[in-house]
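J.: For the sequence shown, our numbering gives the first residue as 2, with consecutive numbering after it. Don't be surprised by glycine CBs; every beta carbon is placed ideally from N, CA and C.
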Amino acid sequence: MEIQVIGGSPVELDATQFGRDFNEALVHQVVTAYQAGGRAGTRAQKTRAEVAGSTAKPWRQKGTGRARVGSKRNPIWRGGGVTFAAKPQNWSQKVNKKMYKAAMLNILSELIRSERLVVVEDFTMEAPKTKAFIAKLESLNVHNESVLVVTEAVDFPLYLSARNVPNVLVLDVEAIDPVSLVQFNKVVMTKQALVSVKELLA
2 MEIQVIGGSP VELDATQFGR DFNEALVHQV VTAYQAGGRA GTRAQKTRAE
52 VAGSTAKPWR QKGTGRARVG SKRNPIWRGG GVTFAAKPQN WSQKVNKKMY
102 KAAMLNILSE LIRSERLVVV EDFTMEAPKT KAFIAKLESL NVHNESVLVV
152 TEAVDFPLYL SARNVPNVLV LDVEAIDPVS LVQFNKVVMT KQALVSVKEL
202 LA
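1. Please list, in chain order, all residues of the same chain as Tyr101 whose beta carbon is under 7 Å from its beta carbon, the five residues on each side excluded.
2. Does DSSP classify Glu122 as helix, strand or coil?
3. With distance defined between alpha-carbon atoms, name the residue in Ile113, Gly8, Ala133 and Gln193 nearest to Lys187.
4. Is the beta carbon of Leu138 less than 7 Å from the beta carbon of Gln18?
5. Count the other CB atoms, across all protein chains shown, that sit within 10 Å of the CB of Ile77; report buried if there are 16 or more and exposed otherwise.
6. Using a threshold of 7 Å, state whether the C-beta atoms of Ala203 and Asp173 are closer than that.
7. Just verifying my parser: in three-state terms, what is the DSSP assignment at Met105?
8. Count the other CB atoms within 10 Å of the CB of Ser10; is the residue buried (16 or more) or exposed (fewer)?
9. Do you know offhand how far Leu118's Cα is from Thr43's?
10. Taking only the alpha-carbon atoms, compute the straight-line gap between Ala41 and Thr56 and give it to the nearest angstrom.
11. Could you name each continuous alpha helix (DSSP H) segment of 4 residues or more that falls completely within the segment 9-60, going from the start of the chain to the end?
12. On the three-pair Cβ rule with 8 Å, is the segment 163-172 touching the segment 128-148?
13. Could you check if Glu13 is buried or exposed, using at least 16 other CB atoms within 10 Å of its CB as the buried criterion?
14. On the premise that Lys192 lies in contact with Glu122, defined as a C-beta separation below 8 Å, what is that separation, rounded to the nearest angstrom?
15. Hey, quick one: how far does the alpha helix (DSSP H) through Val180 stretch, first residue to last?
16. Once you ignore the five residues that flank Thr48 on each side, which residues in its own chain have a CB closer than 7 Å to its CB?
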């Protein structure tokens, strides 16, 4: 299958790889696992056993007229422990390389099929100019969309030009992931970046 390149010659892609039927369950599993891996999992609270404080009974069991109580570390009391205290947790999920690669190819196939992937010959900026960057997006008719720009390598002028534009993210080809590919309405990719993606997922 041929992918048209704006400003250049078409790119030839393997239809068995980039023309796959969309497997929603697989993509959902990989995207969820990727997001879960980004969780810090460092939350921590103290149970009544861990809270600092005396273990002595605050007052005697009977005769005071007050409610009976056995510990000042009781979860009911201010300063006491937490009943079901949250503890540090590893949220990461195992995803096989084969699954990850298949999910990426599924996402790219869907981007091509739904015409959300725009391939250009080149996407560089001579100087860090946000106005020029927006004009470039307008020339590709993607300026009213959330846009992911993928290049072979992100140069400094391109990064500076794009960082203040809302709903736009610029990544180099090695930094793309399932989440970034699915969350943007349009993906603008350079021809060389697409060739690199093809090689990475071969």
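T.: Let's see:
1. Val31
2. coil
3. Ile113
4. no
5. exposed
6. no
7. helix
8. exposed
9. 37 Å
10. 34 Å
11. 16-19 and 25-38
12. yes
13. exposed
14. 5 Å
15. Pro179 to Gln184
16. Gly82, Val83 and Ala86
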